[in-house]
Amino acid sequence: MDQALSAIIEDLAGRADDLLAEARDRAQARATLAEELTLEHGWLDAEARAEVLSEVMRILEDEDFFGIEFVGDPFSEAEDNDE
């Protein structure tokens, strides 16, 4: 992997907490990262952007960044609104 791409990947992954604070799910997180990548590194071609996004998402998955707040709490009971 190109050294410049590695630096971009590390930067985005390192700023994920701030960048993705408002993200509700993985799709929104990916879209936010793609937007940030385009704003800061618009010179990258589509293939390089895809590689960076995939690698950042992989890193975040490996770090369990997308915990239960992104999938819901599997142990919570559904609310019963029938009164």
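Heads up: the sequence shown begins at 6 in the numbering used here, then just goes up one per residue.
Yeah, the Cβ is synthetic: ideal placement off N, Cα and C, and Gly gets one too.
Being a predicted model, the structure only gives us computed values, none of them experimental.
Residue burial classification, residue i (beta-carbon count within 10 angstroms, cutoff 16)
{"i": "residue 28", "result": "buried"}
{"i": "residue 42", "result": "buried"}
{"i": "residue 25", "result": "buried"}
{"i": "residue 76", "result": "Low per-residue confidence applies at residue 76: pLDDT is 49, beneath 50, and the placement is therefore not dependable, though the value from the model is reported in the following sentence. It counts as exposed."}
{"i": "residue 32", "result": "exposed"}
{"i": "residue 12", "result": "exposed"}
{"i": "residue 9", "result": "exposed"}
{"i": "residue 55", "result": "exposed"}
{"i": "residue 51", "result": "exposed"}
Unbroken alpha helix (DSSP H) run spanning residue i, endpoints
{"i": "residue 19", "result": "8-19"}
Which whole runs of the beta strand (DSSP E) in the stretch 22-70 are 3 residues long or more, in chain order?
Those beta strand (DSSP E) runs which fall completely within the stretch 22-70 and span 3+ residues do not exist here.
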